[in-house]
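Here is the structure we will look at.
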DNA sequence: TTGACTTAGTAAGCACTGCTATTAAAAGCA
DNA sequence: TGCTTTTAATAGCAGTGCTTACTAAGTCAA
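Residue numbers (the numbering used here), protein chains in the order written: chain A, -3 to 148; chain B, -3 to 148.
What follows is the structure, encoded as structure tokens:
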């Protein structure tokens, strides 16, 4: 019952989220928020639709995440001069130091989680999870886990 | 950014949940509900606290899940004769056929997700995820992925 | 017996995610 | 130009999960 890949991935994902949120709470941000900030940091001026695509969530989800981040003063929405439907997203100044702190939380979390797992096992785990992810997205499997070619 | 174990497990877990819910919607149940029904089916008369422990979620989460399942006519709460604080949980008759249908959904989902993954890789993946789960729960690593010794 | 502690469960509120439906605007086509 | 389709974003509703705070009840020691 417990040992199928669906329950195990859901469990590990949930437990990592819980632990990250516990660690990062004093910084006032969650794991999903960190990930969103990272995506905007990576591509300043990204639209919500492209952000949703990069995060692989629905547009509604991305939009509401931006709502919360904007309310927290971490993200700015600026009108797109060429498309009056769209927003362009930029990090607010307060986001930069936060990103550094959250990265430290993430490093600690991942180290704790991977305790007792060899480097080879870690690589294999990432490769397998990446293949599952591609299967679920109906995408061709990326050639290596390091591949990062989805610019929204 | 995308290829760390935290994001990948969260993604795979979320995508599996989404796909399961899509498949099982016509049966009127979700993945988490199926898991809960399975736990009650496995241990009829379980209390909510034990259920939460077995599902490895908080008592609040388990309680609200039982709320929904009771409202849907799938689970019965019966008073515990020995402890007036506690409820004993039992499956309602309507749950039995549902469990069969949801198992079929899960089988399809897992087969789709593991497409292109060998049996050996699958076993390794389960073992690694199980180790990560134990790390996150601060538990000793179970001796094998088949271990199932948590009876709440 | 009484008081302190623990345990079972609920209530309120928030974060994240999804679905469906809707609005506004861009894009494509005749 | 005008019509249809597509796209960007939002609104409302619901499921899952957590924290904090609370009530009720069981347990255990003085």
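Here a beta-carbon is modelled for each residue, glycine too, at the ideal position from N, C-alpha and C.
Any idea which residues DSSP pairs residue i with across the strands?
{"i": "residue 84(A)", "result": "74(A)"}
{"i": "residue 79(B)", "result": "76(B)"}
Buried or exposed: residue i, going by 16 or more other Cβ atoms within 10 Å of its Cβ?
{"i": "residue 20(A)", "result": "buried"}
{"i": "residue 149(A)", "result": "The structure shown has nothing for residue 149(A), since chain A only spans -3 to 148."}
{"i": "residue 9(B)", "result": "buried"}
{"i": "residue 5(A)", "result": "buried"}
{"i": "residue 2(A)", "result": "buried"}
{"i": "residue -2(B)", "result": "buried"}
{"i": "residue 107(A)", "result": "exposed"}
{"i": "residue 156(B)", "result": "Because chain B in this structure spans residues -3 to 148, residue 156(B) falls outside the shown range and cannot be described."}
{"i": "residue 116(B)", "result": "exposed"}
{"i": "residue 7(A)", "result": "buried"}
{"i": "residue 27(B)", "result": "buried"}
{"i": "residue 51(B)", "result": "buried"}
{"i": "residue 133(B)", "result": "exposed"}
Whose C-beta lies closer than 6 Å to the C-beta of residue i among residues of the same chain, with five residues either side of it excluded?
{"i": "residue 31(B)", "result": "none"}
{"i": "residue 82(B)", "result": "43, 76"}
{"i": "residue 147(A)", "result": "Caution is warranted here: a pLDDT of 34 is assigned to residue 147(A), below 50, making its placement in the model unreliable, and the coordinate value is therefore given only provisionally. Closer than 6 Å at the Cβ level, and outside the excluded window around residue 147(A), lies no residue."}
{"i": "residue 63(A)", "result": "none"}
{"i": "residue 89(A)", "result": "none"}
{"i": "residue 68(B)", "result": "none"}
{"i": "residue 0(A)", "result": "none"}
Whose C-beta lies closer than 8 Å to the C-beta of residue i among residues of the same chain, with five residues either side of it excluded?
{"i": "residue 23(B)", "result": "94, 97, 98, 101"}
{"i": "residue 33(B)", "result": "25, 65, 70, 71, 87, 91, 94, 95, 98"}
{"i": "residue 40(A)", "result": "85, 86, 87"}
{"i": "residue 54(A)", "result": "48"}
{"i": "residue 113(A)", "result": "121"}
{"i": "residue 139(B)", "result": "In this prediction, residue 139(B) scores a pLDDT of 44, lower than 50, which makes its location untrustworthy; the coordinate-derived value is nonetheless stated afterwards. Counting only Cβ-Cβ distances below 8 Å, and skipping sequence neighbours, we find nothing."}
What residues in its chain sit with their C-beta under 7 Å from that of residue i, if we drop five residues either side in the sequence?
{"i": "residue 118(A)", "result": "110"}
{"i": "residue 37(A)", "result": "87, 95"}
{"i": "residue 105(A)", "result": "12, 15, 16, 19"}
{"i": "residue 103(A)", "result": "none"}
| task | Quick one: which unbroken beta strand (DSSP E) runs of 3-plus residues sit fully inside the stretch 9 to 75 of chain A? Chain order, please. | result | 71 to 75
| Segment contact, 8 Å Cβ cut-off, at least three pairs: the stretch 53 to 69 of chain A with the stretch 29 to 45 of chain A | Touching, yes.
| message | With three or more beta-carbon pairs closer than 8 Å as the criterion, would you say the stretch 63 to 82 of chain A touches the stretch 120 to 131 of chain A? | response | no
| message | Going residue by residue through the stretch 106 to 130 of chain B, where are the continuous beta strand (DSSP E) segments of at least 3 residues, counting only ones entirely within it? | response | Within the stretch 106 to 130 of chain B, no complete beta strand (DSSP E) run reaches 3 residues.
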